[in-house]
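Note sheet for the following structure.
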Amino acid sequence: MGNKYISSLIRKFFENDLPKEICDKFHFWFVESEFRYEKTNAMLHLWNDCPEGQTEETKEELKKNRKRITAHENKRTISLFKHISQIAAILLLSLLSTAIMYYNLKDKTIIKEIELTECFVPYGECKYLLLPDSSEVWLNSGSLLIYAKTFEGETRTLFLNGEANFNVAKNPEKPFIVKTESMEIEALGTTFNILSYPEDETSITTLESGKVKILTRHESIQAVILSPNEQLIYNKTNKSFEKKKVNAEKYARWKDGFLTFQGASFDEIVKTTERKFEVTINYEVNRFSGRTFTVRFLPEEGIDDMLTILKDIVGFKYRKKGNIIYIN
307 MGNKYISSLI RKFFENDLPK EICDKFHFWF VESEFRYEKT NAMLHLWNDC PEGQTEETKE
367 ELKKNRKRIT AHENKRTISL FKHISQIAAI LLLSLLSTAI MYYNLKDKTI IKEIELTECF
427 VPYGECKYLL LPDSSEVWLN SGSLLIYAKT FEGETRTLFL NGEANFNVAK NPEKPFIVKT
487 ESMEIEALGT TFNILSYPED ETSITTLESG KVKILTRHES IQAVILSPNE QLIYNKTNKS
547 FEKKKVNAEK YARWKDGFLT FQGASFDEIV KTTERKFEVT INYEVNRFSG RTFTVRFLPE
607 EGIDDMLTIL KDIVGFKYRK KGNIIYIN
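In the numbering used here, the protein residues as written are 307 to 634.
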């Protein structure tokens, strides 16, 4: 089936431009695994083609999201709303596929909608969640998790954009699946950490206990199985991955307020710092490229302590103006 035909079919459906009998058939076709990647690409193209101009309706939606994201006035609210909009484009196809379940009873088809819950953690915060199956989740700052209020069907499927640490309740009959922009991680009873922000070049899964199976969004790459204290680093740019041995507990210590960097680039350190302390850091990217750093910061160390330590390790000067930091 051609990409143009798929794009046209999806567009017509969302524009309510198909007869009812065709719409019914579309529902079944849309959730089937066949042409999954073509459907995803078509949805992303449709999203990019949407007009960006503001209307009264979008302004009203922005106000609602401001209230949901934070109760106090925040200068980064608009950028966070834009961040969530970008996430929606990536997750839209998977969400539509999961939010509708079909039951075939003799010659009748029953459609049951599943109520989804979303949890967004603003910059500078972390959040603990207890999922419907008693699985535990810690969400890092700037992360979004979407899941069903009740896990029905054959799997427990969640959608993550950001960083989360999962302690999965055992249920061999119902696999626990976390979908990100570039990967799909499946576990039965496991403790693992996923780091997958859309602006990062890599997506990282680190396993503490149990076993997970990881699939990328590319059919040409085979599934990877991780054992405890193994980590998979997937490069979203060149579609390559690296599996290595690590001390997995260190990668989950952000839950306790620690910041731990092992062989991290300066760009990775900056992005993590911005999310944790809700600041903006301006610097010359090329000046620090090609270097890696290993350093750990304690929970009681604030942004000034961190910058003072990095200044001596990396070699730079900085100045602060409100929540903006200039490095030179």
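The beta carbon of each residue, even a glycine, is placed where N, CA and C say it ideally should be.
A quick note: this is a predicted structure, and the numbers were derived from the prediction, not measured.
On a Cα-Cα basis, can you pick out the residue from 479, 509, 504, 612 that is closest to residue 491?
In the sequence shown, the residue the question calls residue 491 occupies position 185. Among 479, 509, 504, 612, the Cα nearest to that of residue 491 belongs to 509.
From what residue to what residue does the alpha helix (DSSP H) around residue 577 run?
For the purposes of this step, residue 577 is taken as the residue at position 271 of the sequence shown. Judged by DSSP secondary structure, residue 577 falls within the alpha helix (DSSP H) whose first and last residues are 572-583.
Relative to the C-alpha of residue 584, which candidate in 431, 425, 421, 423 has its C-alpha closest?
Start at 1 with the first residue of the sequence shown, and residue 584 comes out as number 278. Comparing Cα positions, the closest option is 431.
Report yes if the CB atom of residue 447 is closer than 8 Å to the CB atom of residue 427, and no otherwise.
Against the sequence shown, residue 447 aligns to sequence position 141. Against the sequence shown, residue 427 aligns to sequence position 121. Yes, these two residues count as a Cβ contact at 8 Å.
Which of helix, strand or coil does DSSP assign to residue 512?
Looking up residue 512 in the sequence shown gives position 206. Reduced to three states, the DSSP call for residue 512 is strand.
Given a threshold of 16 other Cβ atoms within 10 Å of its Cβ, counted over all protein chains shown, does residue 548 qualify as buried or as exposed?
Against the sequence shown, residue 548 aligns to sequence position 242. Per the 10 Å Cβ criterion, exposed.
Considering only C-alpha positions, which residue in the set 511, 496, 471, 569 is nearest to residue 482?
For this step, residue 482 is matched to residue 176 along the sequence shown. If you compare the alpha carbons of 511, 496, 471, 569 with that of residue 482, the shortest gap goes to 496.
Where does residue 621 sit, in a helix, a strand or coil, going by DSSP?
Translated into positions along the sequence shown, residue 621 becomes position 315. In this structure, residue 621 counts as helix in the three-state DSSP scheme.
Note the first and the last residue of the continuous beta strand (DSSP E) segment covering residue 467.
Residue 467 sits at position 161 when you count from the first residue of the sequence shown. Here the beta strand (DSSP E) through residue 467 covers 462-473.
Could you check how far apart the C-beta atoms of residue 487 and residue 454 are, in whole angstroms? I think they sit under 8 Å.
What you label residue 487 is simply residue 181 of the sequence shown in a count that begins at 1. What you label residue 454 is simply residue 148 of the sequence shown in a count that begins at 1. About 20 Å separates the two Cβ atoms, so there is no contact after all.
CA-to-CA distance, residue 587 to residue 631, given in whole angstroms
Within the sequence shown, numbered from 1, the residue matching residue 631 stands at position 325. Within the sequence shown, numbered from 1, the residue matching residue 587 stands at position 281. Spanning the two alpha carbons is a distance of roughly 5 Å.
Under 6 Å Cβ to Cβ from residue 541, same chain only, skipping five residues before and after it: list those, please.
By one-based count along the sequence shown, residue 541 stands at place 235. Closer than 6 Å at the Cβ level, and outside the excluded window around residue 541, lie 508.
Would you decide whether residue 619 is buried or exposed? Buried here means 16 or more other CB atoms lie within 10 Å of its CB.
What you label residue 619 is simply residue 313 of the sequence shown in a count that begins at 1. Exposed, by the Cβ-count rule.
Would you kindly work out how many angstroms separate the C-alpha atoms of residue 557 and residue 484, rounded to a whole number?
Along the sequence shown, one-based indexing puts residue 557 at 251. Along the sequence shown, one-based indexing puts residue 484 at 178. Rounded to whole angstroms, residue 557 to residue 484 spans 18 Å at the Cα level.
Short of 6 Å in beta carbon distance, which residues of its chain neighbour residue 633, apart from the five on each side in sequence? Order them along the chain.
Residue mapping note: residue 633 aligns to position 327 of the sequence shown, counting from 1. Answer for residue 633: 589, 622, 624, listed in chain order.
Quick one: grab the DSSP three-state call for residue 384.
The residue labelled residue 384 in the question sits at position 78 within the sequence shown. Residue placement at residue 384 is poorly supported in this model, since its pLDDT is 39, which falls under 50; the coordinates still yield a value, given next. Helix at residue 384.
Residue 436 classed as buried or exposed, judged by whether at least 16 other C-beta atoms fall within 10 angstroms:
Mapped onto the sequence shown, residue 436 falls at position 130. Result: exposed.
Between residue 519 and residue 537, how many whole angstroms is the CB-CB distance? I'm expecting something under 8 Å.
By 1-based counting over the sequence shown, the position of residue 519 is 213. By 1-based counting over the sequence shown, the position of residue 537 is 231. At roughly 15 Å, the Cβ-Cβ gap does not stay under 8 Å, so residue 519 and residue 537 are not in contact.
Buried or exposed, going by whether 16 or more other CB atoms sit within 10 Å of the CB of residue 499?
One-based indexing of the sequence shown puts residue 499 at position 193. With 16 or more Cβ atoms within 10 Å of its Cβ, residue 499 is classed as buried.
Please list, in chain order, all residues of the same chain as residue 444 whose beta carbon is under 6 Å from its beta carbon, the five residues on each side excluded.
Working through the sequence shown from its first residue, we reach residue 444 at position 138. 434, 471, 561.
Who are the near neighbours of residue 600 in its chain, counting only those whose CB is closer than 7 Å to its CB and skipping five residues on each side?
Taking the first residue of the sequence shown as position 1, residue 600 is located at position 294. Only 567, 568, 569 meet the Cβ criterion.
From this set, 513, 450, 544, 479, which residue's C-alpha is nearest residue 467's C-alpha?
If you number the sequence shown from 1, residue 467 lands on position 161. Comparing Cα positions, the closest option is 450.
State the beta-bridge partners of residue 627 as determined by DSSP.
Here residue 627 refers to the residue found at position 321 of the sequence shown. 630, per the DSSP bridge assignment.
Terminal residues of the alpha helix (DSSP H) in which residue 592 lies:
On the sequence shown, position 286 is the one that residue 592 refers to. Unbroken alpha helix (DSSP H) run through residue 592: 591-594.
Spatial neighbours of residue 582 in its chain, beta-carbon cut-off 7 Å, leaving aside the 5 residues before and after:
Position 276 of the sequence shown, counted from the start, is the residue given in the question as residue 582. Excluding positions up to five away in sequence, the list reads 430, 447, 565.
So, with DSSP's three-state summary, where would you put residue 613?
The count along the sequence shown starts at 1 and reaches residue 613 at position 307. In the structure shown, residue 613 sits in a helix (DSSP, three-state: H, G or I).
6 Å CB neighbourhood of residue 478 in its chain, flanking five on each side removed
Translated into the one-based positions of the sequence shown, residue 478 becomes position 172. Cβ neighbours of residue 478 beyond the five flanking positions: 494.
Considering Cα atoms alone, identify which of 513, 607, 503 is closest to residue 474.
Within the sequence shown, the letter at position 168 stands for residue 474. Closest option to residue 474, Cα to Cα, is 513.
Within 10 Å of its beta-carbon, does residue 606 have 16 or more other beta-carbons around it, so buried, or fewer, so exposed?
Looking up residue 606 in the sequence shown gives position 300. Exposed, by the Cβ-count rule.
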